[in-house]
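Some notes on the structure that comes next.
Number of protein chains: 2
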Amino acid sequence: MQLSELISKTGSWLTGKGPEADIVISSRIRLARNLEGRKFLYQASDSEKADVERFLYGKLENIPLPGNGNYFRLDELETLDRLLLVERHLISKEHASGSGARGVLVSANEGTSIMINEEDHLRIQVLHPGLQLEQTWLEMNDLDSSIEERVNYAFSPKFGYLTCCPTNVGTGMRASVMLHLPALVMTKQITKVFESVSKIGLAVRGLYGEGTYASGDFYQISNQLTLGKTEMAIVENIGSVVPQIVRYERTVRETLMSQSKALLEDRVWRAYGLLKNARVISSEETLDLLSAVRLGVNLEMINRLDIGQVNALFILTQPAHLQKIFKKKLDTSSRDLARADFIRGKLSGNGVK
Amino acid sequence: MQLSELISKTGSWLTGKGPEADIVISSRIRLARNLEGRKFLYQASDSEKADVERFLYGKLENIPLPGNGNYFRLDELETLDRLLLVERHLISKEHASGSGARGVLVSANEGTSIMINEEDHLRIQVLHPGLQLEQTWLEMNDLDSSIEERVNYAFSPKFGYLTCCPTNVGTGMRASVMLHLPALVMTKQITKVFESVSKIGLAVRGLYGEGTYASGDFYQISNQLTLGKTEMAIVENIGSVVPQIVRYERTVRETLMSQSKALLEDRVWRAYGLLKNARVISSEETLDLLSAVRLGVNLEMINRLDIGQVNALFILTQPAHLQKIFKKKLDTSSRDLARADFIRGKLSGNGVK
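Sequence order for the protein chains is A and B.
So the mapping is simple: the working numbering equals the position in the first sequence, first residue as 1, plus 57.
So the mapping is simple: the working numbering equals the position in the second sequence, first residue as 1, plus 57.
In structure tokens form, the structure reads like this:
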């Protein structure tokens, strides 16, 4: 598959289907794994790194993935293509901006991606729409086992899986859910959520992981600790908290609908009107406006769009996607024009039901 | 004619026709006149005031006006109805909020209105679309003469027409044009216009005359002095300045179109998108957004509306008009809902070409 084919569709995790998918965008498990008998990457020479990449690709290229896999060697891709993979949540920003031999194996439905030579030899990600962390973990567990049949992991009976960064030692697992919480943000209740969540050892991050701020009212909730707890305990911990946040968001939405319906509708429809008519629009404003439109679709104020279409717009309006869609390099101000143009096309005419 | 019939149409001066009508909304002449042998109103008792009203109505009720006239006795109208007349520029705010016997004779096309017992016994207004101050003056001169055939004006060979306020003595005339100057405002060149205009003894005021601030990028330019100059000289003074301002606005529009077309289009279409989608909208925001839409129609960016329709929206979305249209008293926040509703109706469906 050509990388450019990616832009004609979005990953299955963005369909908007799945439990609580109006509020929970996705459930994600990521494992950090390293090979036994090989240096950690921060100690490895370029040729040792290249050896690892070759070795792992050889072992994994035929591993069964949903709808088969595609391998992209990042060091052979242009910056724009690497950024495209970041925008689709298939690789991390670090993996994109890293150096040397490295790659990613991506399943056709984009629900699975296996990064080779990111921070660790392997970073394995499974992503599903909606709130289904246990299901995601079970699938990940199978995938992890089938990788372990092909390679030997660096493992200590005392510490568990060994990783470059001590914060990942143990399970090597990061479980996270991406939440869309516009009502909690609008009513400034979101800080309460942060406080409760951090009290029980969970972290809150923005749309593109560590170090990014929450934009478009999207928040990732994930475990901080990887050591001293089983994978299932971590999954259950998050799995017990998220439904409470979902209920909280839902309650606030209902309150807004009963007490300030006109103001809420005003916010939603103004956002829609701006997206449908703007001629110049930044990425940040797009996220904010799409967030309001997404809320409007969920609350059945807007019925000419479905959640899958809105979810897709979040991805397709990002810088690398736009440049791929318009098939040329665009600077920031040209992108703002192209973005407005693209969104207008999607919201009027065939793109909209 | 019932007052409520007014809301089904707008005055002929709002059609958007006439010379330079894209920039010059209207040309207006107003004369202040008093009756010979009667006290100025600030000295008159209630019954003397009532006498003047009765006398003048009797003399003027059959005066020929375009399409015949309608007389409204303001002291018999509800506040809302008086406000309606203010919003249509048929009476002044002062006339609406005054006390005692007073009224206004309005021509069917709303181009002429004769206020009885405003500040002076008579305030006569002639209003035309576009830049046609001389034509307006000629028509006013005829009207003034035919009134003078019926009543005797207070006139001094030395000072001219005598008025309550010394600033009106002499010609008793205020000539003004209403300009729509969005490009000069946008590029902050408008202060230069103010400076030049005030240097030659002209005044700049907002949409509803003295003491109102310019909203929706509308400015009234009028003479300060009424004494020591003939009416024609006053008209010619304004008539020589306004075309320069019009040219200035036009040049800036052209520059914006050639240098920042996308940003200008963005501004215009965002305004249109907000008006078409908002569920709650204030009077002030409506003026600002309509101003951008008006510019867009003039620049042929928006072709689904004509200037007459946009001009009408400026009037019809004012508080009293809204309450008349919705046939009930509405407080500010109910008006903001009703206004959004009304505008949406006008911009989608039959209201729009």
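Yeah, the Cβ is synthetic: ideal placement off N, Cα and C, and Gly gets one too.
Predicted, not measured: the structure shown is a model, and the values here were computed from it.
Check	Outcome
Stretch pair the segment 98 to 116 of chain A + the segment 342 to 355 of chain A: three plus CB contacts closer than 8 Å	no
Cutoff 8 Å: K333(A) Cβ touching any chain B Cβ	yes
Proximal residues, the segment 306 to 325 of chain B versus chain A, C-beta separation under 8 Å	A319, L320, E322 and D323
Interface positions of the segment 375 to 394 of chain B facing chain A (Cβ-Cβ less than 7 Å), listed along the chain	L394
Environment of H146(A) [buried if 16+ CB atoms lie within 10 Å]	buried
Nonlocal neighbours in the same chain, by C-beta distance under 8 Å from N91(B), ignoring five residues either side	F97, D177, H178, L179, Y210, A211, Y218, L219, T220 and C221
Separation of I302(B) from A240(B), as counted between CA atoms	11 Å
With 16 other Cβ atoms within 10 Å as the buried cut-off, status of R130(A)	exposed
8 Å Cβ cutoff, R396(B) in contact with chain A	no
C-beta atoms of I181(A) and L200(A) nearer than 8 Å	yes
Minimum C-alpha distance to V81(B) - residue among R95(B), K116(B), Q189(B) and E144(B)	Q189(B)
Rounded distance between the beta-carbons of A335(A) and D323(B), thought under 8 Å	6 Å
Contact with chain A by R336(B), beta-carbon distance below 8 Å	yes
Test item: CB-CB of D132(A) and R159(A) under 8 Å	yes
Contact set between G447(A) and chain B, taken where Cβ atoms lie within less than 9 Å	This structure leaves residue 447(A) out entirely; chain A is present only between 58 and 410.
Nearest neighbour of I382(A), chosen from H237(A), R396(A), V325(A) and P121(A) [CA to CA]	R396(A)
Cutoff 7 Å; reference Y99(B); Cβ partners in own chain excluding five residues on either side	C221
Beta-carbon proximity of A369(A) to I291(A), cut-off 8 Å	no
Counted within 10 angstroms of its Cβ, other Cβ atoms place D388(A) as buried (16 or more) or exposed	exposed
Cβ-based burial, N407(A) [other Cβ within 10 Å; buried from 16]	Confidence at N407(A) is low in this model, with a pLDDT of 40, below 50, so its placement is unreliable and the value that follows should be read with caution. By the 10 Å Cβ count, N407(A) comes out exposed.
Buried versus exposed call for W70(B) [16 or more other C-beta atoms within 10 Å across all chains shown]	buried
Reference I372(A), options V143(A), A78(A), M243(A) and T312(A), closest by Cα	V143(A)
6 Å CB neighbourhood of W411(A) in its chain, flanking five on each side removed	Any question about residue 411(A) goes unanswered here, given that chain A covers just 58 to 410.
Range of the contiguous alpha helix (DSSP H) that encloses T340(B)	This sequence places Ser at residue 340(B); Thr is not what is there. Counting along the chain, the alpha helix (DSSP H) containing S340(B) begins and ends at S340 to N355.
Alpha carbon of T374(B) to alpha carbon of T67(B), nearest angstrom	12 Å
DSSP three-state assignment for R145(B), whether helix, strand or coil	coil
Cβ-based neighbour list, G168(A), same chain, cut-off 7 Å, excluding 5 preceding and 5 following	G68, S69, W70, P123, V183, L184 and H185
Where H237(A) sits in the DSSP three-state scheme	strand
Residues of its chain near S255(A), where Cβ-Cβ distance is below 8 Å and the 5 sequence neighbours each way are ignored	V261
Alpha-carbon to alpha-carbon, L362(B) and V234(B)	24 Å
For L379(A) and K333(A), believed in contact at Cβ under 8 Å, the rounded distance	Their Cβ separation, rounded to whole angstroms, is 18 Å, which puts K333(A) and L379(A) out of contact at 8 Å.
Own chain residues within Cβ distance below 6 Å of G157(A), not counting five before or after	D103 and K106
8 Å Cβ shell around V161(B) - same chain, five flanking residues per side excluded	Y128, F129, L131, L142, L147, I148, H152, S170, I171, M172 and I173
Secondary structure of Q316(A), DSSP reduced to three states	helix
Unbroken alpha helix (DSSP H) run spanning R396(A), endpoints	T389 to L404
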